[in-house]
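*Asks:*
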Amino acid sequence: MKKILIVDDEPNIIMSLEYTFKKSNFKVFIARDGQEALDILETETPDAIILDVMMPNVDGYATITQIKKNEKLTHTKIVFLSAKNKESDIEKGLSLGANAYMTKPFSIKKLVEKINELLEK
């Protein structure tokens, strides 16, 4: 079973993504900010992470910077999912090591397709 960590502070997005990925046979972990995500990553090694940029406490950019320092997570695919949709935001997310960057509002179907595509590589 593939594992995915969803990191977002919006309850509706968390619920939708959790439902969708569980239905797609993923084991789902939830974090509501970057610090919760980093705490989960101390004991879990997900195949993929969906990461919001704007969150309380530790934002997505700081979170990915910490994730990239962890050698056991080098094969984990990371997709930013954010309302920040300027070209500079997307470039920053990709330059920090994200495998993809999708903007909100988003298509859950396209997000699932992107995750599956990244995991097949």
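Just so you know, we're using this note's numbering here: the sequence shown kicks off at 41 and counts up by one. Glycine included, C-beta positions come from ideal geometry on N, C-alpha and C.
Tell me the residue span of the alpha helix (DSSP H) that contains residue 152.
*Replies:* Element bounds for residue 152: 148-160.
*Asks:* Since residue 56 is in the alpha helix (DSSP H), which residue starts that stretch and which ends it?
*Replies:* First-last of the alpha helix (DSSP H) with residue 56: 51-63.
*Asks:* Of all the options 81, 122, 67 and 87, which has the alpha carbon lying nearest to the alpha carbon of residue 116?
*Replies:* If we check each option's Cα against that of residue 116, 87 comes out closest.
*Asks:* Residue 67 lies in the beta strand (DSSP E); which residues open and close that run?
*Replies:* Its beta strand (DSSP E) spans residues 66-71.
*Asks:* If you follow the alpha helix (DSSP H) that residue 143 is in, where does it begin and where does it stop?
*Replies:* Premise fails: residue 143 lies in the beta strand (DSSP E), 140-143, not in any alpha helix (DSSP H).
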